[in-house]
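Taking it in order: structure first as structure tokens, then the write-up.
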Amino acid sequence: MDCNLCKRELGERTDQPLIVNELPVGLNGGLPSEYNPIFSKEFLDLFSLDEIRNIVFREVISRKKSKKLFFELIGPPITEEIGVKSFPGKKVKLSR
Numbered sequence: 003m004d005c006n007l008c009k010r011e012l013g014e015r016t017d018q019p020l021i022v023n024e025l026p027v028g029l030n031g032g033l034p035s036e037y038n039p040i041f042s043k044e045f046l047d048l049f050s051l052d053e054i055r056n057i058v059f060r061e062v063i064s065r066k067k068s069k070k071l072f073f074e075l076i077g078p079p080i081t082e083e084i085g086v087k088s089f090p091g092k093k094v095k096l097s098r
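For what it's worth, my numbering labels the leading residue of the sequence shown as 3, then goes sequentially.
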């Protein structure tokens, strides 16, 4: 099944690393990607291990060499996804 908005397939994110053409230069925070937000290593280093212990990140692979490392936020999900009747193809997350 495809998304009505972007026409991409709907489904779970695979366990393969996110591959991008190039990573942002001069950015130390987080930014949206095509799938999940990505964060620089410098930004993630600002958090204590206790603050991020339940969050899973996966390194982002860049086709163009980069001195910085970025990581994709993977999960685990903490909310339930449901369909919204008036917006076909969109999902809203509700807390349990």
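Backbone N, C-alpha and C define an ideal beta-carbon position, used for all residues, glycine too.
- For E24, no beta strand (DSSP E) encloses it, and the DSSP letter there is neither H nor E.
- Beyond the five residues adjoining it in sequence on each side, E24 comes within less than 6 angstroms, by CB distance, of S64 and K66 in the same chain, given in chain order.
- A straight-line Cα-Cα distance of about 12 angstroms links R55 and L46.
- Annotation: the continuous beta strand (DSSP E) that includes L75 extends over F72 to G77.
- Just so you know, the alpha carbons of I21 and E44 end up roughly 20 angstroms apart.
- Exposure of F49 is indicated by the presence of fewer than 16 other C-beta atoms within 10 angstroms of its C-beta.
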